[in-house]
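See below for the structure under consideration.
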Amino acid sequence: MAEESSLLRRDGSEIGFVPTMGALHEGHISLIKKAASQCDSVVASIFVNPIQFGPKEDLAKYPRKIREDKEKLASAGCTILFLPSVEDMYRERMTSVHVSGITEKLCGVSRPGHFDGVATVVAKLFNIVRPDRAYFGEKDFQQLAVIKKMNEDLNFRIKIVSCPTVREKDGLAMSSRNAYLSKDERRRAPEIYRTLRMGAKMLKDGATPVKVREELKMRIEMIEGSRTDYLEILDEENLGEIRASTKRARIFSAVYMGSTRLIDNVGVKLR
Ligand code: AMP
Numbered sequence: 007m008a009e010e011s012s013l014l015r016r017d018g019s020e021i022g023f024v025p026t027m028g029a030l031h032e033g034h035i036s037l038i039k040k041a042a043s044q045c046d047s048v049v050a051s052i053f054v055n056p057i058q059f060g061p062k063e064d065l066a067k068y069p070r071k072i073r074e075d076k077e078k079l080a081s082a083g084c085t086i087l088f089l090p091s092v093e094d095m096y097r098e099r100m101t102s103v104h105v106s107g108i109t110e111k112l113c114g115v116s117r118p119g120h121f122d123g124v125a126t127v128v129a130k131l132f133n134i135v136r137p138d139r140a141y142f143g144e145k146d147f148q149q150l151a152v153i154k155k156m157n158e159d160l161n162f163r164i165k166i167v168s169c170p171t172v173r174e175k176d177g178l179a180m181s182s183r184n185a186y187l188s189k190d191e192r193r194r195a196p197e198i199y200r201t202l203r204m205g206a207k208m209l210k211d212g213a214t215p216v217k218v219r220e221e222l223k224m225r226i227e228m229i230e231g232s233r234t235d236y237l238e239i240l241d242e243e244n245l246g247e248i249r250a251s252t253k254r255a256r257i258f259s260a261v262y263m264g265s266t267r268l269i270d271n272v273g274v275k276l277r
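So for the sequence shown, our numbering puts the first residue at 7; every next one is plus one.
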């Protein structure tokens, strides 16, 4: 793979990289298309990374659709697909990458060890593929922040490009996990995004983050079959508390619809 990457890198030409876990949808494809529009070649990886799943999470049932994925990648402008096996990537007593600080909140609390798994696999993929640019979705906003920090702290010198969340027509953020929702859950799920948008408007109109958080939690709990894992309003820049100096806030949610955990987030310009 590293050899193939260096073959692609002729006279300053740029390699874009899009890491994924497959079961590709329009959200993933938007990353590939952006990479294709900005780079000379595009490498995508599909790897359902076991070390970012907790022992009680959905590793075994995570959707796998390699044949369809290959077709979608080719027609979106992907040049090379990297499809490693678990044995290719890991051995016993692996070195692990831990990004400190920003991993201690939100999904870092609900999913202990998750971001170590993400940082470790992405560090390995960055070293294998050696891209100039790598593309990540705002859908996983905390993950994007973790990768940016790792990239700076460990001097990868890759340009990290963030890409807006792609949504279904009714507002539900596209996710491979949406396939787990029952018909009824799928019908109710867009209510989460509607509620986050309402919160964004309240913040813009001057309501305090504490008040907005309370109101949103109450509204989300009212959606039939839902349970809030977290609902937080943080400074988008550093994922810290909102301060008088905060320019942009972000509302983060993780909500169970039945047994499916859905995450989403919405940004708000405060000043
Ligand atoms: P995953 O396959 O879930 O690991 O996601 C691979 C990449 O696609 C990550 O950078 C995600 O943030 C991004 N992604 C997933 N869903 C969406 C979406 N709805 N819109 C934009 N990017 C997304």
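C-beta: ideal position from N, C-alpha, C; glycine also.
Per-residue DSSP class, three states only, for residue i
i, result
"residue 237", "strand"
"residue 282", "What is shown of the chain runs 7 to 277, which leaves residue 282 out entirely."
"residue 85", "coil"
"residue 271", "strand"
"residue 215", "helix"
"residue 19", "coil"
"residue 225", "helix"
"residue 127", "helix"
"residue 196", "helix"
"residue 116", "helix"
"residue 266", "strand"
"residue 108", "helix"
Same chain only: Cβ atoms within 8 Å of residue i, ignoring 5 sequence neighbours per side
i, result
"residue 209", "215, 218, 239, 255, 257, 274, 276"
"residue 63", "117"
"residue 71", "28, 29, 30"
"residue 126", "57, 100, 101, 102, 103"
"residue 243", "252, 253, 254"
CA-to-CA distance, residue j to residue i, given in whole angstroms
i, j, result
"residue 205", "residue 225", "10 Å"
"residue 143", "residue 99", "30 Å"
"residue 193", "residue 19", "45 Å"
"residue 119", "residue 58", "7 Å"
"residue 147", "residue 227", "23 Å"
"residue 40", "residue 164", "16 Å"
"residue 137", "residue 21", "5 Å"
"residue 139", "residue 265", "36 Å"
"residue 158", "residue 129", "12 Å"
"residue 237", "residue 124", "22 Å"
"residue 176", "residue 267", "18 Å"
"residue 170", "residue 90", "27 Å"
"residue 25", "residue 76", "14 Å"
"residue 106", "residue 248", "20 Å"
"residue 342", "residue 223", "Lying outside 7 to 277, the shown extent of the chain, residue 342 is not represented and no answer is given."
Nonlocal neighbours in the same chain, by C-beta distance under 7 Å from residue i, ignoring five residues either side
i, result
"residue 32", "172, 180"
"residue 109", "121, 152"
"residue 174", "180"
"residue 270", "179, 198, 199, 202, 259"
"residue 154", "166"
Where residue i falls, given that 16 or more other Cβ within 10 Å makes a residue buried
i, result
"residue 160", "exposed"
"residue 92", "exposed"
"residue 74", "exposed"
"residue 114", "buried"
Close beta carbons around residue i, own chain, < 6 Å, minus the five adjacent residues each side
i, result
"residue 229", "194, 197"
Beta strand (DSSP E) segments (min. 3 residues) lying fully within the region 143 to 188: 165 to 169
Whole alpha helix (DSSP H) elements within the region 44 to 92, 4-residue minimum: 72 to 82
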